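Novice: Numbering (this note's numbering), first residue to last: 113 to 835. This is the structure, below, for whatever I ask next.
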Ligand code: ADP
Ligand code: ZN
Ligand code: ZN
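Here it is, written out as structure tokens:
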């Protein structure tokens, strides 16, 4: 009799625990259960014991009873395999990954009903004007008393009176109202021959219902979205679910709109901005299979799809798919694994694929579908570099005369311009002109960034904010603070001085913090209510504004500072993406790139548009350095509020580094961000041959060490940040 169950409870500090299944309760692997732990009750998931060894085997007589089973379907094997793989690969506690799958606690409470009200058709004896108005406006609609009162523009009391009089009745409904069904035949586009060929390939994969990852590679504006929508339509026709991952929630809004145009209704959105009731409704609909298409940020990857038929990762090269806290996973790579376990195709769409992805294509592990040119009359924009040494901006300014002239010409043609600078706020550094004092964050090794719109100094690493003081805190001189360097707000000020008549908008995460704000911005752009946008990377992707014809990159060298291994690649991708915003309609686009090093290879590649040459050189450099995708890295980050404690553990880890052929360990060294959120940080970097099982080595290595709870040791496999 199997009255014993192994359970992964939602506590990352604990391994799997065994429980007794009481009489009358049935569980199977994947069942979501409530288990006692000391005096508390925890949610957990039943697992196959052979896949989740426990080092604390407890005798049958000492087992505690499970307390209950959630009224939802058990997590399916494909999702359980994904959870195991993620925990294993990223060296994370399985419970921490399970937590990402059980991302709505309200969803586990089972189905819930509520009473809604609707008209019965009966006319009450006493028909006051208000009652008549209510019945007329409500018509055949149904809702809570409050909702009906709002629709009818009467008080709740009037509605209640109508219920008493028998004119309105209550009906029991499921609180989770159903989602509309997207219609694959709603408004299919007429595809160009290239697009049709690409779509046919992707559709065939969906119909085959087997795993295959395909890179959908096409320049910005080539119609990648339209093409993968055909694969989405095929999955819908086959009765299967689709997951579309986007790198940022700001991109959700334009996506919802395009999806609506193509399929007649919105897909289910999944992101951190949802209210608990919305999360519950979405989670349950995804688990039941009723939610057909889900679009979301990386956390959507672990949702309990019932019958997944296609995964799309849009803007697949984006580094924001990498999660930098908790479980350090890369959503693009985990998406591929999910496709493998679910036996469904995965599409990675990008105009500037990551070198890692191109390498997988070269190895034959991924297929590739190309879209060669822009759709319709749209041409790729012309791109010029502006050498900031030869054509400098005027003193105290940041926009060079050639770009100013181009902006003036665009204004005269009543076309829109976009200035790109990947720096929020007014100035990245503020100092005192009298004593040289610099404003540093008290919690981080970082300068405070001045935000004039909110009149504050802010740390972009921990969120610490202070008012801008009138006196220098060091020498007490008055009004002596000077801003050094530009942020988007400062560029917007400069634009306002240059073109007082132009309507200027700043777009950053400070001004566009919600899908609604993004929608408002899109609306104003489309209505022509904005002439010039000054924005961070938030405006570099996804948007399609046909009247935007000029793009100016204020500081193309910015991303090359710091110089981590992907700096050139990221600069190339970012500037190609932002360039791709120009000239997407019938009017041609122009791009100006301000740089101090126009001869640098990445700048030359951007100007000539020769992506292949750039990729070839970059790939070769990576190969020579044994960097990804040819070798692999893993970072070990030791942090503590107690600096000596962090250093001691970092050193102990360094001293006990195993000697393994094909593996090198560097450090410990103070991290470039030596302090973050009040914690002192040290880093070690492991560099290994591709074939080496680094995870196993690190697991054994760290497993043999101990440290107190005030020290945190995080492992970042395939790191993207080296700070
Ligand atoms: P990408 O995702 O490659 O940047 P999009 O899918 O956004 O390209 O397409 C760019 C623009 O061209 C969009 O406005 C899109 O609606 C339009 N477009 C692309 N292909 C077609 C088509 N076959 N029919 C009509 N419009 C199209
Ligand atoms: Zn001073
Ligand atoms: Zn800080």
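All C-beta atoms in this analysis are idealised placements derived from N, C-alpha and C, irrespective of residue type, glycine included. Given the structure is predicted, the values throughout are model-derived calculations rather than measurements.
#1: Given a threshold of 16 other Cβ atoms within 10 Å of its Cβ, counted over all protein chains shown, does residue 113 qualify as buried or as exposed?
#2: Does the Cβ-Cβ distance between residue 122 and residue 211 come in under 9 Å?
#3: Could you check whether residue 381 and residue 343 sit closer than 9 Å to each other, using their CB atoms as the reference points?
#4: By Cβ distance, which residues of its chain are closer than 6 Å to residue 126, with the 5 residues on each side in sequence left out?
#5: Considering just the uninterrupted stretch of the alpha helix (DSSP H) at residue 828, what are its terminal residues?
#6: Please identify the residue among 489, 542, 466, 243 whose C-alpha is closest to the C-alpha of residue 277.
#7: Can you give me the C-alpha to C-alpha distance between residue 206 and residue 314, rounded to a whole angstrom?
#8: Going by the C-beta, is residue 86 closer than 8 Å to any heavy atom of ligand 2?
#9: Is residue 555 a contact residue of ligand 3, with contact defined as CB to any heavy atom under 8 Å?
#10: In whole angstroms, what is the alpha-carbon distance linking residue 665 and residue 550?
#11: For the stretch 461-488, which segments carrying the alpha helix (DSSP H) assignment without a break, of at least 4 residues, lie completely within its bounds, in sequence order?
#12: Does ligand 2 have a heavy atom nearer than 8 Å to the CB of residue 586?
#13: Confirm, please, whether the CB-CB distance from residue 470 to residue 727 is below 9 Å.
#14: Alpha carbon to alpha carbon, what distance is there between residue 423 and residue 356?
#15: Closest by CA to residue 139, which one among 393, 599, 532, 187?
#16: Could you pull the start and end residues of the alpha helix (DSSP H) that residue 633 belongs to?
#17: For residue 334, count neighbouring C-beta atoms within 10 Å of its own C-beta (all shown protein chains included) and say buried if the count is 16 or more, exposed if not.
#18: Should residue 298 go down as buried or exposed, given a rule of 16 or more other Cβ atoms within 10 Å for buried?
#19: Could you tell me which uninterrupted alpha helix (DSSP H) segments, each at least 4 residues in length, are contained entirely in the stretch 206-251, listed from first to last along the chain?
#20: Apart from the five residues just before and just after residue 784, which ones in its own chain have a Cβ nearer than 6 Å to its Cβ?
#21: Give the secondary structure of residue 169 by DSSP, where H, G and I count as helix, E and B as strand, and everything else as coil.
#22: Considering Cα atoms alone, identify which of 776, 811, 272, 404 is closest to residue 203.
#23: What's the C-alpha gap between residue 221 and residue 455?
#24: Should residue 607 and residue 619 be called a contact, given that it needs their Cβ atoms to be closer than 9 Å?
#25: Indicate, with yes or no, if ligand 1 has a heavy atom lying under 8 Å from the CB of residue 461.
#26: Taking C-beta to C-beta, are residue 667 and residue 533 nearer than 9 Å?
#27: Grouping DSSP H, G and I as helix and E and B as strand, with all else coil, what is residue 256?
#28: Considering only DSSP beta bridges, list what residue 499 is partnered with.
#29: Got a sec: does ligand 1 put a non-hydrogen atom nearer than 8 Å to the Cβ of residue 376?
#30: Decide yes or no for the touch test of the stretch 693-704 against the stretch 486-500: beta carbon pairs closer than 8 Å, at least 3 of them.
#31: Starting from the C-beta of residue 791, find all residues in its chain whose C-beta is less than 8 Å away, skip the five residues before and the five after it, and write them out in chain order.
#32: Can at least three beta-carbon pairs, one atom from the stretch 656-664 and one from the stretch 682-696, be found at a separation below 8 Å?
#33: Between residue 405 and residue 540, is the Cβ-Cβ spacing less than 9 Å?
#34: Which residues neighbour ligand 1 when neighbourhood means a C-beta less than 6 Å away from any of its non-hydrogen atoms? List them by chain order.
#35: Buried or exposed for residue 239, going by 16 or more other Cβ atoms inside 10 Å?
#36: Just grab the DSSP bridge partners of residue 559 for me.
Specialist: Inspection of the coordinates gives the following:
#1: Position 1 of the chain shown, counted from the start, is the residue given in the question as residue 113. With a pLDDT of 46 at residue 113, under the threshold of 50, the predicted position of this residue should be treated as unreliable, though the coordinate-derived value follows. Label assigned to residue 113: exposed.
#2: By 1-based counting over the chain shown, the position of residue 122 is 10. By 1-based counting over the chain shown, the position of residue 211 is 99. Yes.
#3: Working through the chain shown from its first residue, we reach residue 343 at position 231. Working through the chain shown from its first residue, we reach residue 381 at position 269. The answer is no: Cβ separation not under 9 Å.
#4: Residue numbering aside, residue 126 sits at position 14 when the chain shown is read from its first letter. Once the five neighbours on either side are set aside, residue 126 has no close Cβ partner at all.
#5: Numbered from its first residue, the chain shown carries residue 828 at position 716. First-last for residue 828: 823-829, but that is the beta strand (DSSP E), not the alpha helix (DSSP H).
#6: Against the chain shown, residue 277 aligns to sequence position 165. It is 243 whose Cα lies nearest to the Cα of residue 277.
#7: Within the chain shown, residue 206 is the residue found at index 94, counting from 1. Within the chain shown, residue 314 is the residue found at index 202, counting from 1. Computed Cα separation, rounded: 34 Å.
#8: Residue 86 is absent from the structure shown; the chain starts at 113 and stops at 835.
#9: What you label residue 555 is simply residue 443 of the chain shown in a count that begins at 1. Because some heavy atom of ligand 3 lies under 8 Å away, the Cβ of residue 555 counts as near it: yes.
#10: Locating residue 665 in the chain shown gives position 553, where the first residue counts as 1. Locating residue 550 in the chain shown gives position 438, where the first residue counts as 1. If I take the Cα positions, the gap works out to 28 Å.
#11: 467-474
#12: For the purposes of this step, residue 586 is taken as residue 474 along the chain shown, with counting starting at 1. At least one heavy atom of ligand 2 is nearer than 8 Å to the Cβ of residue 586, so yes.
#13: What you label residue 727 is simply residue 615 of the chain shown in a count that begins at 1. What you label residue 470 is simply residue 358 of the chain shown in a count that begins at 1. The answer is yes: Cβ separation under 9 Å.
#14: Along the chain shown, read from residue 1 onward, the residue named residue 356 stands at position 244. Along the chain shown, read from residue 1 onward, the residue named residue 423 stands at position 311. For residue 356 and residue 423, the distance between alpha carbons rounds to 6 Å.
#15: The sequence position of residue 139 within the chain shown is 27, counting from 1. Nearest option by C-alpha distance: 187.
#16: One-based indexing of the chain shown puts residue 633 at position 521. From DSSP, the alpha helix (DSSP H) with residue 633 extends over 627-638.
#17: Within the chain shown, numbered from 1, the residue matching residue 334 stands at position 222. With 16 or more Cβ atoms within 10 Å of its Cβ, residue 334 is classed as buried.
#18: In the chain shown, residue 298 corresponds to position 186, counting from 1. Residue 298 is exposed by the Cβ-count criterion.
#19: 206-213, 241-250
#20: Residue mapping note: residue 784 aligns to position 672 of the chain shown, counting from 1. Closer than 6 Å at Cβ, skipping near neighbours: 835.
#21: Position 57 of the chain shown, counted from the first residue, corresponds to residue 169. Coil, per DSSP.
#22: Residue 203 sits at position 91 when you count from the first residue of the chain shown. Ranking the options by Cα distance to residue 203, first place goes to 811.
#23: Residue 221 sits at position 109 when you count from the first residue of the chain shown. Residue 455 sits at position 343 when you count from the first residue of the chain shown. Spanning the two alpha carbons is a distance of roughly 30 Å.
#24: Here residue 607 refers to the residue found at position 495 of the chain shown. Here residue 619 refers to the residue found at position 507 of the chain shown. No, these two residues do not count as a Cβ contact at 9 Å.
#25: Translated into positions along the chain shown, residue 461 becomes position 349. Because some heavy atom of ligand 1 lies under 8 Å away, the Cβ of residue 461 counts as near it: yes.
#26: Taking the chain shown and counting its residues from 1, one reaches residue 667 at position 555. Taking the chain shown and counting its residues from 1, one reaches residue 533 at position 421. Yes, the pair counts as a contact, with Cβ atoms nearer than the cut-off.
#27: As a position in the chain shown, residue 256 is number 144, starting the count at 1. Reduced to three states, the DSSP call for residue 256 is coil.
#28: Taking the chain shown and counting its residues from 1, the one referred to as residue 499 is at position 387. BP columns for residue 499 point to 707.
#29: Within the chain shown, numbered from 1, the residue matching residue 376 stands at position 264. No; taking the cut-off as 8 Å, the Cβ of residue 376 has no heavy atom of ligand 1 nearer than that.
#30: yes
#31: Within the chain shown, residue 791 is the residue found at index 679, counting from 1. Hits under 8 Å: 751, 752, 753, 758, 824.
#32: yes
#33: The count along the chain shown starts at 1 and reaches residue 405 at position 293. The count along the chain shown starts at 1 and reaches residue 540 at position 428. Not closer than 9 Å, so no.
#34: 301, 302, 303, 304, 307, 330, 332, 333, 334, 335, 336, 337, 338, 487, 656
#35: As a first step, residue 239 is located in the chain shown; it is residue number 127 there, counting from the start. Classification for residue 239: exposed.
#36: Along the chain shown, one-based indexing puts residue 559 at 447. BP columns for residue 559 point to 552.
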